[in-house]
Amino acid sequence: MTKQSLFKGTMILTVAGFITKVLGFANGIVLANVIGPEGVGLIMMAMPVTGLLITLTTLGLPIAISKLVAEAEIKGNYRRVKKILVVSLVTTSLLGFILMIVAIFGAKALSSHFLTDQRAYYSLLAVIPIVPIVAVSSVIKGYFRGKQIMTPIALSQAIEQVVRIGLIFFLVQWLLPYGIEYAAAGAILCGIIGEGFSLLYLFSVLNGQNIKNSNYTIPL
Numbered sequence: 631m632t633k634q635s636l637f638k639g640t641m642i643l644t645v646a647g648f649i650t651k652v653l654g655f656a657n658g659i660v661l662a663n664v665i666g667p668e669g670v671g672l673i674m675m676a677m678p679v680t681g682l683l684i685t686l687t688t689l690g691l692p693i694a695i696s697k698l699v700a701e702a703e704i705k706g707n708y709r710r711v712k713k714i715l716v717v718s719l720v721t722t723s724l725l726g727f728i729l730m731i732v733a734i735f736g737a738k739a740l741s742s743h744f745l746t747d748q749r750a751y752y753s754l755l756a757v758i759p760i761v762p763i764v765a766v767s768s769v770i771k772g773y774f775r776g777k778q779i780m781t782p783i784a785l786s787q788a789i790e791q792v793v794r795i796g797l798i799f800f801l802v803q804w805l806l807p808y809g810i811e812y813a814a815a816g817a818i819l820c821g822i823i824g825e826g827f828s829l830l831y832l833f834s835v836l837n838g839q840n841i842k843n844s845n846y847t848i849p850l
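Quick note on the working numbering: the sequence shown kicks off at 631 and runs consecutively.
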């Protein structure tokens, strides 16, 4: 993929953002119809904890990566581009997995002391594994932003929403007889699977990117 101008890149992300919002709106309607407001409430209880963990994992790296990659690209230092990406991926992966393990073991305590409904424990437990996935994904997106290649970012967002919507109805319906708490956890699991597919797509594009003026690709 070639670099894109500021206008073209902005338009791609704008269109992708609009499509993603529309798909997210459709996803919300499907979810509300399947599990109702009670199930949606259980999901919403778990989300702030995950947001905090993702923030702690990324530590502002995506913006820094975009800046550093862009600077290295301008100077033609393509080995530095690779080094920035690899170090960032290793750092976020390790930190993400460590926080995920800590959060899993502490999920019971978190749900007991900070969540108003104990049934939200299953939603919290289901959403925690998304932390390293989103962290790694944000690093790769930062890399593509630095290289001014926006198409993979846009397509990854669409893939995540399409996979989530495609799975949510069937999985939630299957879990609903076991209880609303399990159905809510299943809905979150659909989102994690969607993020996983999105990350796999980003990795496939990243691995196929030839580093300009060099004879190697990024080994992933």
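Where a beta carbon is used, it is the ideal one built from N, C-alpha and C, also for glycine. Since this is a predicted model, take the numbers as computed values, not measurements.
For the stretch 774-790 against the stretch 699-711, are there 3 or more C-beta pairs whose distance is under 8 Å? yes
Thinking just about the alpha-carbon of each residue, which of ILE789, PRO762, ALA750, ILE823 is nearest to the one in SER669? One detail in the question is off: residue 669 reads as Gly in this sequence, not Ser. For the residues ILE789, PRO762, ALA750, ILE823, the minimum Cα distance to GLY669 belongs to ALA750.
Among the candidates SER741, GLU703, SER768, whose CA atom is the shortest distance from the CA of ILE783? Considering only alpha carbons, the answer is SER768.
Looking at C-alpha atoms only, which residue of GLN787, PHE800, THR722 is the closest neighbour of THR592? This structure cannot settle anything about residue 592, because the visible part of the chain is limited to 631 through 850.
Stretch-stretch touch, CB-based, cutoff 8 Å, three pairs: the stretch 681-691 with the stretch 651-667: no
Taking buried to mean at least 16 other C-beta atoms within 10 Å of its own C-beta, is MET677 buried or exposed? Residue burial annotation: MET677 is exposed, with fewer than 16 other C-beta atoms found within 10 angstroms of its C-beta.
Cβ shell of LEU755 (< 6 Å), same chain only, five flanking positions each side left out: Taken in chain order, the residues that qualify are ALA737.
Among ASN837, ILE649, GLY658, PRO759, the one whose alpha carbon lies nearest that of HIS729: First, the residue type needs correcting, since residue 729 is Leu and not His in the sequence shown. When each option's Cα is compared against that of LEU729, the closest is PRO759.
Three or more C-beta pairs below 8 Å linking the stretch 791-807 and the stretch 821-838: yes
Just how far apart, CA to CA, sit VAL717 and ILE822? Distance between the alpha carbons of VAL717 and ILE822: 24 Å.
As assigned by DSSP and simplified to three states, the class of LYS771: helix
Per DSSP, what kind of secondary structure is THR644 in: helix, strand or coil? helix
Rounded to the nearest angstrom, what separates GLY658 and PRO762 at their Cα positions? Going by C-alpha positions, GLY658 is about 24 Å away from PRO762.
Residue from VAL766, ILE798, LEU672 with nearest C-alpha to PHE744: Checking every option, the nearest Cα to that of PHE744 belongs to LEU672.
On the premise that VAL766 lies in contact with SER723, defined as a C-beta separation below 8 Å, what is that separation, rounded to the nearest angstrom? 6 Å
Continuous alpha helix (DSSP H) stretch holding TYR831: start and end: TYR831 -> alpha helix (DSSP H) spans 810-837.
Considering Cα atoms alone, identify which of PRO807, LEU819, LEU785, THR687 is closest to LEU797. LEU819
Looking at the unbroken alpha helix (DSSP H) that takes in THR781, where does it start and where does it end? 781-805
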